[in-house]
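Written below as structure tokens is the structure these notes are about.
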Amino acid sequence: MDWLTNLFVNTESVAHIALLYAIVIAVGVYLGKLKVMGISLGVTFVLFAGIVAGHFGFTAPTPILTFIQDFGLILFVFMIGLQVGPGFFESFGKAGIKLNGLAAALILLNILVMFGCYYVFFDTSDAMNLPMMVGTLYGAVTNTPGLGAANEALTSLFGQSAPPIASAYACAYPLGVLGIIGGIVLVRYLTKVKLEREEAELEAQANANLNKKPHKMHLEVTNKYLEGKTLLQVHNFLNRDFVVSRMLHDGHVTIPNRDTVFHEGDQMSIVCAENDYEAIVAFIGPIVEVDWDHQDQPMVSKRILVTNPKYNGKTLGGMHFSRASGVNVTRVTRHGMDIFASPSLNLQVGDRIMVVGPEDAVERVASLMGNSIKRLDAPNIATIFVGITLGIIFGSLPFIPGMPLMKLGIAGGPLIVAILIGRYGYRIKLVTYTTTSANMMLREIGLVLFLASVGIKAGGSFVETVMQGDGLLYVLTGFLITVIPILIIGPIARVRFKFNYFTLAGMLAGTYTDPPALAYANSICSKEAPAVGYSTVYPLAMFLRILTAQLIVLFFCG
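Note that my numbering gives residue 123 to position 97 of the sequence shown, counting from 1, and the numbers run on in steps of one.
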């Protein structure tokens, strides 16, 4: 039985480390499925399973725990960035400015509550209490980079006698995670949010994007002005995008192109943006029923999957489908949404395009586009690790010369680069398509590795820190630092600025740079709103957390 004992005791063994993570993650995930008053912590429970393991000495070497923690965090935030990247900048209009303003106000309130707790609960004559409160602050807001920045600044001031603020951080962190999720839940009940209504609102907003939603109709040309005019001339005169997928003239059906001439009495099938169809009907002619059975050659409509990387980023207009292939593209389906096939729309690998034309021509286009689901089954691993490499480099760059700690770090850098790659990767020939299931799998693996590592590291001294000295006070004040600002800013964002609850939940999680809170928000919403809200405020929040950590230490602890 020595081999079994050695498996659990020898912390240097690879098998021991793998077993440690397997047990902590499995136990945490299973316990996270339990619900109390209808609420479950989900994968967040992995953190507490790790604390228990660490407390009983079931641990691993600290450098290994730190590496797995940081790598898990990088993987988690990078996959979030890839997911939200395509729609991130479109969401960062006036709403994005408001969200970041609310995030900045929330960060300021965290600091003010920290100072309030310091003056109310602690002896201000003791020079060590304020640094320990800084550690409590960053545990309460679950921001490890801020803790690192504060610790580095304290070391520069006190040297080896710097206060052990990581202990205060460990005391506040677990309840900080619960406090953030609990605060999000409390905001829901304080503002009387109905989750079903919020989901319906997100769906309505998506459907209300009439500039992209396609509308199909059959028209007859009755405007005498159009007699003898080409399709291009009509398009330019109307100054609206529309696609004529087929035309019936003198009993014959053809696939029109830009040089096709209009004649009074022609009947045609048109696809356009939904908010343009009334103007097009008024100009061309009324909606009619058309018999498409009289055709010179069989016409078919087919959805074609874009899997050929050669066409990643190409515009529909630049492809010249009607002139070069004798077919027309009427709409594009991307991430489950139908988009009008505007000439300026960039194709992306994973898009499904609706192609109308002669059967043989449609098949030729299908061959060119790839149309192979098997190609999408293989994840684009190279893109992920190229992006992580660029993100780590970017996150290591200091923003302010002379302050080397002023940087986004290994979480903020990969997140921003992932957003940029997700949106503009096609311009540098990076294929960013990843199936939803593959994205979720990588994201969840990263998250549970991060949570397990943090829990195992904190578990060794957690109970001792809490039960001795000011440990319980750190837990209490940390909870106040966490919850009070959420209960102020959350209702303001909901009532005053009318933000969707799921976007608001993502914003709160992003301001606290807290992946478990984002995981909770994602678990109650089927849309991307929480992830978009999280990513909208995360970069600024990370920057401000790190900056304020150093400023508090340098100006108040020196």
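C-beta atoms are modelled at their ideal positions from N, C-alpha and C, and glycine is treated no differently.
Can you list, in chain order, the residues of its chain with a C-beta nearer than 8 angstroms to that of residue i? Leave out the 5 residues immediately preceding and following it.
i: residue 486; result: 80, 81, 83 and 85
i: residue 236; result: The predicted model places residue 236 with a pLDDT of 43, which falls under 50 and marks its position as unreliable, so this point remains unresolved.
i: residue 264; result: 305, 306 and 309
i: residue 552; result: 225
i: residue 517; result: 213, 216 and 217
i: residue 312; result: 245, 246 and 248
i: residue 399; result: 331 and 333
i: residue 513; result: 209, 212, 213 and 216
i: residue 348; result: 281, 282, 283, 284 and 354
i: residue 350; result: none
i: residue 149; result: 155
i: residue 521; result: 217
By a C-beta neighbour count over all protein chains shown, 10 Å radius and 16 as the cutoff for buried, is residue i buried or exposed?
i: residue 365; result: buried
i: residue 136; result: buried
i: residue 188; result: buried
i: residue 523; result: exposed
i: residue 393; result: exposed
i: residue 419; result: exposed
i: residue 440; result: buried
i: residue 92; result: exposed
i: residue 408; result: exposed
i: residue 262; result: exposed
i: residue 231; result: exposed
i: residue 229; result: exposed
i: residue 452; result: buried
i: residue 36; result: exposed
i: residue 468; result: buried
i: residue 436; result: buried
i: residue 71; result: buried
i: residue 490; result: exposed
i: residue 223; result: exposed
i: residue 582; result: exposed
Might you give, ordered along the chain, the residues of its own chain that have their beta carbon closer than 7 angstroms to the beta carbon of residue i, omitting 5 neighbours on each side?
i: residue 567; result: 129, 133, 536, 537 and 539
i: residue 335; result: 375 and 457
i: residue 139; result: 506, 507, 510 and 511
i: residue 303; result: 241 and 243
From which residue to which residue does the alpha helix (DSSP H) around residue i run?
i: residue 154; result: Residue 154 -> no alpha helix (DSSP H), and no H or E assigned at all.
i: residue 304; result: 303–310
i: residue 554; result: Element bounds for residue 554: n/a, residue is neither H nor E.
i: residue 505; result: 497–517
i: residue 71; result: 71–81
i: residue 390; result: 385–395
i: residue 326; result: Where residue 326 is concerned, there is no enclosing alpha helix (DSSP H), although the beta strand (DSSP E) it sits in stretches over 325–331.
i: residue 529; result: 527–537
i: residue 55; result: 40–58
i: residue 342; result: 342–345
Under the assumption that residue i contacts residue j (Cβ atoms under 8 angstroms), give the Cβ distance between them as a whole number of angstroms.
i: residue 102; j: residue 369; result: 38 angstroms between Cβ atoms; not a contact.
i: residue 316; j: residue 244; result: 4 angstroms
i: residue 253; j: residue 289; result: 6 angstroms
i: residue 168; j: residue 199; result: 6 angstroms
i: residue 46; j: residue 75; result: No, residue 46 and residue 75 are not in contact; Cβ-Cβ is about 11 angstroms, not under 8 angstroms.
i: residue 153; j: residue 173; result: 19 angstroms between Cβ atoms; not a contact.
i: residue 543; j: residue 51; result: About 19 angstroms separates the two Cβ atoms, so there is no contact after all.
i: residue 559; j: residue 183; result: In fact, because the Cβ distance is near 37 angstroms, the residues do not count as touching under 8 angstroms.
i: residue 287; j: residue 356; result: Contact doesn't hold; Cβ gap of about 21 angstroms is too wide.
i: residue 531; j: residue 556; result: 5 angstroms
i: residue 597; j: residue 55; result: The requested residue 597 does not occur in the structure, where the chain is confined to residues 27 to 584.
So, at 6 angstroms on beta carbons, what are the nonlocal neighbours of residue i in its own chain, with the 5 sequence-adjacent residues on each side left out?
i: residue 327; result: 382
i: residue 475; result: 94 and 98
i: residue 502; result: none
i: residue 443; result: 413, 416, 417 and 420
i: residue 314; result: 244 and 246
i: residue 8; result: No answer is possible for residue 8: it lies beyond the span of the chain, which begins at 27 and ends at 584.
i: residue 472; result: 98, 101 and 102
i: residue 395; result: 330, 332 and 334
i: residue 373; result: 332, 337 and 340
i: residue 575; result: 172, 175 and 176
Counting contacts by CB-CB distance shorter than 9 angstroms, is residue i in contact with chain B?
i: residue 305; result: Absent from the structure: chain B. Only one protein chain is present.
For the beta strand (DSSP E) containing residue i, list its first residue and its last residue.
i: residue 415; result: Element bounds for residue 415: not the beta strand (DSSP E) but the alpha helix (DSSP H), 407–421.
i: residue 356; result: 354–360
i: residue 246; result: 240–246
Taking 8 angstroms as the cut-off, is the C-beta of residue i nearer than that to any heavy atom in the ligand FMN?
i: residue 496; result: Summarising the ligand content, the structure contains no ligands, and the ligand FMN is consequently not present.
| query | Which runs of the alpha helix (DSSP H) spanning at least 4 residues fall entirely within the stretch 144–193, listed in chain order? | reply | 155–166 and 170–184
| Taking the runs of the beta strand (DSSP E) that are 3 residues or longer, which of them lie wholly in the stretch 250–294? | 268–275 and 278–280
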